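Undergrad: Following this message is one structure expressed as structure tokens.
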């Protein structure tokens, strides 16, 4: 190990796998091609039924800085990443899905830019399964630095594979709630420690599968209840210094209780008053944001 490598913080790339054999080798090769010299790769398989774990075993035999684990029972996507973070030893954590392709300079440039911020994230290039380019993530959502937890009240724009964060904060955020994806919970939580930085470069080819496009149906009632649960988690996570934010999360939670005239009016006023935060990620001009706030009198906007 060179002297330069010893002085660079260790970055743990955590990989959560489940039945991902089809694209796993290309993904692992892109992680091994990172130009940042001080990394470890921690892969946790969540009881795959294909040969995913056998592929991981081969990579671990060939590369000493790869550590692999296999769950005794299926934990699910978010909890599997939580376990991977708990097994990591780096000062910083980077998350990798099992089918994305990273640019070689991704870790180096993000670490160059993170400074003392709790987290940094970047843009992503959406691609087909055959890696044909589609749109960028920034074409769908406004991506900027975020310095307040209210930005994540009803929306998100930070893809987990695009971020690096301090491991101490990723651990402090445990247990990760199953009601929210890890890459919704962790960016929110990181803002409690400072501003999230943003680097306007697409470092990841983000494969879009059929399930990404069609989803699993839209149950509005269930999504609204899930949103209320997440709002309570946000409220409870706010420290005493963020009493204003705690109250806003509580007010928003209350406004989602029912379609009563009082709640509808309260919800609309909250969106007007705090649209700087609630609508920051929306690709809308000022007039369309105004109309969006009006619509909140007639409907409930679920999280995401």
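In our numbering, the protein residues as written are 8 to 311. For each residue, glycine too, the CB sits at the ideal point set by N, CA and C. Just so we're clear, the structure is a prediction, and the values are computed from it rather than from any experiment.
For the beta strand (DSSP E) containing residue 228, name the first residue and the last one.
TA: Looking at the DSSP string, residue 228 is not in any beta strand (DSSP E); the run it does join, the alpha helix (DSSP H), is 227 to 244.
Undergrad: Rounded to the nearest angstrom, how far is the Cβ of residue 176 from that of residue 196, given a contact under 8 Å?
TA: 7 Å between Cβ atoms; contact.
Undergrad: Is there a Cβ from chain B that is less than 9 Å from the Cβ of residue 74?
TA: Within the model displayed, chain B is absent; a lone protein chain is all it includes.
Undergrad: Where does residue 223 fall in DSSP's three states?
TA: Low local confidence applies: a pLDDT of 47 at residue 223 is under 50, so the model's placement there is unreliable, with the coordinate-based value given in what follows. The answer is coil: DSSP assigns residue 223 none of H, G, I, E or B.
Undergrad: Starting from residue 118, trace the alpha helix (DSSP H) both ways and give me its first and last residue.
TA: It spans 113 to 121 - the alpha helix (DSSP H) in which residue 118 sits, taken as one unbroken run.
Undergrad: Could you give the first and the last residue of the continuous beta strand (DSSP E) run that contains residue 172?
TA: Run containing residue 172: 171 to 173, per the beta strand (DSSP E) assignment.
Undergrad: Please list the segments of the beta strand (DSSP E) lying wholly inside the segment 13 to 59, counting only runs of 3 or more residues, in order along the chain.
TA: Fully enclosed beta strand (DSSP E) runs of 3 or longer: 18 to 24, 46 to 52.
Undergrad: Could you tell me the alpha carbon to alpha carbon distance between residue 142 and residue 208, rounded to whole angstroms?
TA: Cα-Cα distance, rounded: 13 Å.
Undergrad: By how many angstroms is the C-alpha of residue 229 removed from the C-alpha of residue 238?
TA: Going from the Cα of residue 238 to the Cα of residue 229 covers about 14 Å.
Undergrad: Report back the beta-carbon spacing between residue 5 and residue 21 to the nearest angstrom; my notes put them in contact at under 8 Å.
TA: There is simply no residue 5 to check, as the chain begins at 8 and stops at 311 in what is shown.
Undergrad: Counting only runs of 3+ residues fully inside the segment 146 to 220, write out the beta strand (DSSP E) ranges in chain order.
TA: Within the segment 146 to 220, the complete beta strand (DSSP E) runs of at least 3 residues are 171 to 173, 204 to 214.
Undergrad: Run through DSSP, which three-state label would residue 277 get?
TA: Three-state result, residue 277: helix.
Undergrad: Within 10 Å of its beta-carbon, does residue 122 have 16 or more other beta-carbons around it, so buried, or fewer, so exposed?
TA: It is exposed - the Cβ of residue 122 has fewer than 16 other Cβ atoms within 10 Å.
Undergrad: Just list the beta strand (DSSP E) runs in the segment 52 to 110, keeping only unbroken ones of 3 residues or longer that don't cross its boundaries, in chain order.
TA: Runs found: 73 to 77, 99 to 103.
Undergrad: Please state the DSSP three-state secondary structure of residue 131.
TA: DSSP places residue 131 in strand when its eight states are reduced to three.
Undergrad: Tell me, please, whether the segment 197 to 205 touches the segment 89 to 105 by the rule of three or more beta-carbon pairs shorter than 8 Å.
TA: No: the two stretches stay apart, fewer than three of their Cβ pairs being nearer than 8 Å.
Undergrad: Hey, would you say residue 153 sits closer than 9 Å to residue 189, going by beta carbons?
TA: No, the pair does not count as a contact, with Cβ atoms beyond the cut-off.
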